[in-house]
Structure formats: structure tokens, C-alpha cells
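Residue 265 is where the sequence shown starts when you use this note's numbering, and the numbers rise one by one after that.
Glycine included, every Cβ here is placed at the ideal spot set by N, Cα and C.
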Amino acid sequence: MIPTFDKIHLKFKLNNTSYNHEELKEVSYSLIKEGEAYEKIIGNFLLDWLDEKDFLYVKTSGSTGNPKLIKVSKQAMVNSAIATGNRFKLSPGDTALHCLPTNFIAGKMMLVRAMILGLELDIVEPSTLPAYDDEKPYKFCAMVPMQVQKSLKRLQNINTLIVGGAAVSKSLLKDIEPLKTKVFATYGMAETLSHIAIKPLNNYKGEAHFKLLKDVKISQDDRDCLVVEAPKLTDKTIVTNDIVKLYSKTEFEVIGRYDNMINSGGVKLFPEQIEAKLDGKISQRFFVASQPDDTLGERVVLVLEGQSTELDTAIFSDLEKYEVPKQILSVEQFAETSSKKIQRAKTIEQIK
């Protein structure tokens, strides 16, 4: 029997306490009235979840445009929770740690998974260094790369960790490799109600690619961008701006964003690939972008956070000829979304 959104699993616990539907409403009111800022957000989401409507609104991250509210089905969120539970073999009574902001879909889904799958969920304030009990065993947790980086010495008690929200750097990949914790990168968005594919970041053999969860189909459009069909999550076909390489009907890898692609002298370049080659060679935050060029059409530029633009040109030795930045620019502080994703276009607008 498939769980429904209007039922709370009997095994569900929030911070070591069991609650039924009505009791959880009272907790939500208390969080809104007396809780910290992050707890008020949790309280508001729980009240939305526990009301009689079969839908709610979630906010997109705004990493590629202005954040917007989208209407989603609660039962679709249940279906997403079940798919994750099946993939990671989560069982009623398993412990989970919630340390993400609940403003966005990743944080909301941690709560939905716990209520639907019957998990014992501990909630701590979302921060770059989550203050959780690192001696208590947790079966499941979700973090962003910055949290993983800051918590590397405190992950031994987490069995399975999913990582999303931003790319994982080469240096962090090396740090993750020896961990006993099973770490996975995720691919997804608000429209797909969190992740639809995962990729192992350690404890694997051979080459790892994103592999779809059950009941999801993918294809490519004429731009080579990923097209997603997930009828249990949304009744819409989702056409992304992520250029991908398909390895099979269920496996793919992201090459870069179509809206970031640079056409320099007829050569198509992907900033994400250039950034990966420069990863670990530049101390401050950076990204690769383009500017108009009379000869090339577009020229590659490197944008640094801070006031200095001085770099040793030796760092470009691994780049192909067309990938080498024609200019190095700087801006005092990158523009970011509320979830700390860099807004490239807005950052470039700050450069005079």
C-alpha cells in the first residue's frame, strides 16, 4: 500500500519525540511562535504540509534566474520520498540528520522523508559547520559541499550522505575518497522535488555517472540538453538547460549549462569544464565567463572574487588554446542566491 501525504508514519520521531498529525501541528505553532529563525521556517512548512490541501508551493533556487514559486503535489513529494527510501534502503526507525535550510526543496524533502518513511529525524541549525552529535549513528543525511568540507572529521557516524546544491571540487573528492561514509552526488531541482539521479563519490569501482532513480526517463533535445519525464513527480516534461552526455537510458553526465556556453571563434566551450581544470590552482573563488569580442564573437574571461587580478600564468598550462582566458577581471564580492549559489550574470554586471 502506497503511503499518502495525509498520514504520519507511526515510527516518525522529531528530535527523539513521537508525534501524530494533530500533535505535530501544535509543535509547528510552537516553532513559529517561539523558535529560532530556521525553526520558524520549519514550522511554516509543516503547517502547509499538514493542512487539508493536496498541494503546496516551493521556491526555486534562483541560480539561473529569479527565484519563483511553483505549485507541487504533496503526493508527488511522497513519491519522491519513497524513491529515495527504496534506493538507500531506508527503513522505519532509521535515524536521519537534517542540517539544510528548509526554505528550499532539499530541506523540505528531508522532513517529508522522515514523516512518510518513519525516520527518527534530528534537526540542527543549518550552517557551514552543523552542530550535530557526531557520536550518534545516523543512517542518512543530506549536505551541501561546504558543509561536507567543514565536517570531514565528523562524518564517521553517518552511514549514507547525499551532497547537492553545488559541484564537488577535486580537492573535496580526494578528501571524501577514504571515508567509510557512503557519499553520493545528487542531480535534481525544485521541479523534480529534489534528486532524480545519484552518483557515487567514493566506495565505487570503475567510472561513475549519474544513475536515475526508478520511474524516471531521460532524453536530449536538439541542444543536447537533458529532458526529464517523471510522471510520479510531475505531469510536465522538464526541459533543462544542462547539456549532457548519455551513457545509457539510465546514466548520464552533465557537461555544462547551455546558458553558460561560450562560442569563441566557432569553438564551443563550457565554463564548467575549464573551471574543473583550474580547480585547486586559484586560492580565491572564481568562475569562467565570456565577453563580446569583435574577432572571436565571444572571448573567455576569468572572474575572481577580491581586488587583485594577479595570477601566475602557469596555472593555465592544462588548458587548451581557446580555453585560456583573454582577460582576468575581479569583483569585490560575488552576487549570490539566498542558498549561496553564485549568480554569474549579476556578478558580471557589477564589473565596470
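Under the three-state reduction of DSSP output, residue 506 falls in the strand class. Note on geometry: alpha-carbon atoms of residue 295 and residue 457 lie some 24 Å from one another.
Residue nearest to residue 482 within the set 517, 434, 553, 467 is 517 (criterion: CA-CA distance).
Short of 6 Å from the beta carbon of residue 356, and not among the five residues preceding or following it, lie these beta carbons of its own chain, in chain order: 275, 382. The distance from the Cβ of residue 510 to that of residue 484 is about 6 Å, consistent with a contact at the 8 Å cut-off. Of all C-beta pairs linking the region 340-352 to the region 384-398, fewer than three are shorter than 8 Å, placing the two stretches out of contact. Contact check for residue 394 against residue 411 passes: the beta carbons are separated by less than 7 Å. When secondary structure is reduced to three states using DSSP, residue 336 falls in the strand class. DSSP places residue 487 in the coil class of the three-state scheme, outside both helix and strand.
In this structure, DSSP gives residue 435 a helical state, which the three-state scheme calls helix. Counting only the Cα atoms, residue 321 lies some 34 Å from residue 552. As the crow flies, the alpha-carbon of residue 312 is around 10 Å from that of residue 306. Residue state for residue 374 is assigned as helix, using DSSP reduced to three classes.
When beta bridges are read from the DSSP output, residue 386 appears opposite 361. Taking 7 Å as the cut-off, the beta carbon of residue 407 is found no closer than this to the beta carbon of residue 376. Taking the C-beta atoms as reference points, residue 598 is found no nearer than 7 Å to residue 592.
Within the same chain, Cβ atoms closer than 8 Å to the Cβ of residue 339 are found at 268, 269, 318, the five residues on either side in sequence being excluded. The beta-bridge partner set that DSSP reports for residue 561 consists of 557.
For residue 310, the CB contacts under 8 Å within the same chain, skipping 5 residues up- and downstream, are 288, 289, 291, 292, 295, 375 in chain order.
343 is the residue among 365, 308, 283, 343 whose C-alpha sits nearest the C-alpha of residue 496. For residue 423, the closest C-alpha among the options 392, 461, 452, 466 is that of 466. Within the DSSP secondary-structure output, residue 453 pairs in a beta bridge with 458. For the options 498, 506, 508, 614, the alpha carbon positioned closest to that of residue 567 is the one of 614.
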